[in-house]
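Undergrad: The following block contains the structure, expressed as structure tokens.
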Amino acid sequence: MGNPLALAVLANLLLEPLHPYEMGRRLKETGKDRNIKYNRGSLYMVVEQLRKAGFIAEQETVRDTARPERTVYALTDAGRVELDDWMRELVAKPEHEYPKFGVALSLLGVLEPTVAVGLLGERLAALDREAEAISRETESTLDQGVLWVFLVEENYRLAVLDAERRFVTTLIEALKSTDYVRAWHEMFDEGKQTWER
Numbered sequence: 001m002g003n004p005l006a007l008a009v010l011a012n013l014l015l016e017p018l019h020p021y022e023m024g025r026r027l028k029e030t031g032k033d034r035n036i037k038y039n040r041g042s043l044y045m046v047v048e049q050l051r052k053a054g055f056i057a058e059q060e061t062v063r064d065t066a067r068p069e070r071t072v073y074a075l076t077d078a079g080r081v082e083l084d085d086w087m088r089e090l091v092a093k094p095e096h097e098y099p100k101f102g103v104a105l106s107l108l109g110v111l112e113p114t115v116a117v118g119l120l121g122e123r124l125a126a127l128d129r130e131a132e133a134i135s136r137e138t139e140s141t142l143d144q145g146v147l148w149v150f151l152v153e154e155n156y157r158l159a160v161l162d163a164e165r166r167f168v169t170t171l172i173e174a175l176k177s178t179d180y181v182r183a184w185h186e187m188f189d190e191g192k193q194t195w196e197r
């Protein structure tokens, strides 16, 4: 298993047996859907994969006259072991990820310096807005009595945003330097002349 949604299902079932619809509702209510992308179809598919793997099992089928039959799933002993092993690995071992911004940075030199500065300025403003929204939401949730550990991923997001904001601010200043602007124009203007021949 390598699907974050599968991990979320196992974690939800650690507390109590649930129907997939309830699992999805809890992901949304707790804001975990910001970190774990899913839709109803993918959730049911993951539940079936976990059942086939023996990590969860059908506990009961609930019949309600107002709704169709609903199957409630529970975590198996094998599922508890899988959840524990998976969490230990994710928390302890850093893994290189391939964010889109990293790709853009690796190719940033193709943009004319003033264009790059303008675009990074837009990014900086968007990062500021995102950080403000996360701070407001986190504060509001804590005021409702939610234990801080259930919001730790939001604190992580804020720390990453703060680091990126500092990085982008420094990068903007570096791109504005006359030495860089001159070197960029020498390289690309010369390359353009060669290409036009």
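Following UniProt numbering from start to finish, the sequence shown increments by one per residue and tops out at 197.
Where is the CB? At the ideal position from N, CA and C, for every residue including glycine.
Quick caveat, the model's predicted, so the values are computed rather than measured.
1) I need the DSSP call for glutamate 196, collapsed to helix, strand or coil.
2) Can you name the start and end residues of the alpha helix (DSSP H) that arginine 123 belongs to?
3) Kindly give me the distance between the Cβ atoms of leucine 151 and leucine 158, rounded to whole angstroms, as I take these residues to be in contact under 8 Å.
4) Let me confirm a value: residue 206 is counted as buried when at least 16 other C-beta atoms fall within 10 Å, else exposed. Which label applies?
5) With a CB to CB cut of under 7 Å and the five nearest residues on each side skipped, what residues in its chain are close to valine 117?
6) In terms of residue numbering, what span does the alpha helix (DSSP H) encompassing leucine 20 cover?
7) Pick helix, strand or coil for glutamate 97, following the three-state DSSP scheme.
8) Just mark leucine 107 as buried or exposed, buried being the case when its beta carbon has 16 or more other beta carbons within 10 Å.
9) Around the C-beta of asparagine 35, are 16 or more other C-beta atoms found within 10 angstroms, so that it is buried, or is it exposed?
TA: With the given structure in hand:
1) Here residue 196 is taken as the residue at index 196 of the sequence shown, counted from 1. The pLDDT assigned to glutamate 196 is 49, lower than 50, so where the model puts this residue is not dependable; a value taken from the coordinates is nonetheless given after this. Glutamate 196 falls in the helix class under three-state DSSP.
2) In the sequence shown, residue 123 corresponds to position 123, counting from 1. Looking at the DSSP string, the run of the alpha helix (DSSP H) that includes arginine 123 is 113 to 143.
3) The count along the sequence shown starts at 1 and reaches residue 151 at position 151. The count along the sequence shown starts at 1 and reaches residue 158 at position 158. The Cβ separation is near 10 Å, so there is no contact.
4) Coverage of the chain is limited to positions 1 through 197, which leaves residue 206 absent and any answer about it impossible.
5) Along the sequence shown, one-based indexing puts residue 117 at 117. Correct list, in chain order: Ile172, Leu175, Lys176.
6) Locating residue 20 in the sequence shown gives position 20, counting from the first residue. For clarity, residue 20 is proline in the given sequence; the question names leucine instead. 20 to 29 is the extent of the alpha helix (DSSP H) around proline 20.
7) As a first step, residue 97 is located in the sequence shown; it is residue number 97 there, counting from the start. Reduced to three states, the DSSP call for glutamate 97 is coil.
8) In the sequence shown, the residue the question calls residue 107 occupies position 107. So leucine 107 ends up on the exposed side.
9) Residue mapping note: residue 35 aligns to position 35 of the sequence shown, counting from 1. Result: exposed.
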